[in-house]
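First up is the structure itself, then whatever we jot down about it.
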Amino acid sequence: MKFYLIFILIPFFCFAQKADPFSIDIRPRVIDNAKVIVNIEITNHLNRPIDYLEGFLSEYSSKGVLLNEKRLVLLYSYEPALQTGFSTVKTAKFDLGEEKPSNFEFNISKVKFFGESRVFAWHKKAGFIRID
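FYI, the numbering used here numbers position 5 of the sequence shown as 15, with every residue one higher than the one before it.
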């Protein structure tokens, strides 16, 4: 009986993963061979609504050198809260450099939950860190 129990439990341990609280989707588009428009879409997978969301969009060369960085507020406190399973989209514009293609990365710097005054930073490896 223990033998069967082991084979039943092994797949659960193999496929169990810690779910990320956010899905970050970055879609760059080249317009008129002169500029790049980058759409950032963030989906909330937490069980709590988000009241404020801010981060930095970084542009890297193909060699990994930081070229540019922009601060973006995706969700302001006066807007409706971002509920579980819903997403928000923000657009940023960059000039098209001579070195193609550029890589983009978005890092969340501030998260404030609905009904709370505490502000958190989020990192993929460290999780939520209270900053205020």
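Here a beta-carbon is modelled for each residue, glycine too, at the ideal position from N, C-alpha and C.
CA-to-CA distance, residue j to residue i, given in whole angstroms
| i | j | result |
| --- | --- | --- |
| PRO111 | ILE47 | 13 Å |
| ASN117 | THR98 | 15 Å |
| ARG128 | ASP42 | 43 Å |
| LEU85 | PHE124 | 12 Å |
| ILE10 | LYS45 | Outside the displayed span of the chain (11 to 142) sits residue 10, for which this structure offers no information. |
| VAL40 | ARG81 | 21 Å |
| LEU76 | LYS134 | 20 Å |
| PRO31 | PHE138 | 10 Å |
| ARG140 | ASP61 | 15 Å |
| GLY74 | PRO90 | 37 Å |
| SER72 | VAL83 | 26 Å |
Selection from the options that minimises the alpha carbon distance to residue i
| i | options | result |
| --- | --- | --- |
| THR101 | GLY74, ALA131, GLU109 and GLY65 | GLY65 |
| SER33 | ARG39, ILE50 and SER72 | ILE50 |
| GLU109 | THR53, TYR70 and ASP30 | TYR70 |
| PRO38 | LEU106, ARG81 and LYS73 | LEU106 |
| ASP142 | PRO90, LYS134 and GLU126 | GLU126 |
| TYR88 | GLY74, HIS133, ARG140 and LYS122 | LYS122 |
CB-CB length for residue i against residue j, believed under 8 Å
| i | j | result |
| --- | --- | --- |
| LEU67 | GLU79 | 7 Å |
| PHE114 | ILE36 | 5 Å |
| ALA136 | SER119 | Contact flag wrong, Cβ pair sits at about 13 Å. |
Residue i CB to nearest heavy atom of the ligand ATP below 7 Å
| i | result |
| --- | --- |
| ASN113 | This structure lacks the ligand ATP; in fact it carries no ligand of any kind. |
Residue-level contact to chain D via CB, residue i, 8 Å cutoff
| i | result |
| --- | --- |
| LYS100 | In summary, chain D is missing from the structure at hand, where a single protein chain is found. |
Within 8 Å, do at least three Cβ pairs link the segment 43–60 to the segment 89–103? The segment 89–103, when compared against the segment 43–60, does touch it at the 8 Å Cβ threshold.
Length-filtered (3 minimum) beta strand (DSSP E) runs lying within the segment 68–130: Note on the segment 68–130: whole beta strand (DSSP E) runs with a minimum of 3 residues are 76–85, 97–105 and 113–123, in chain order.
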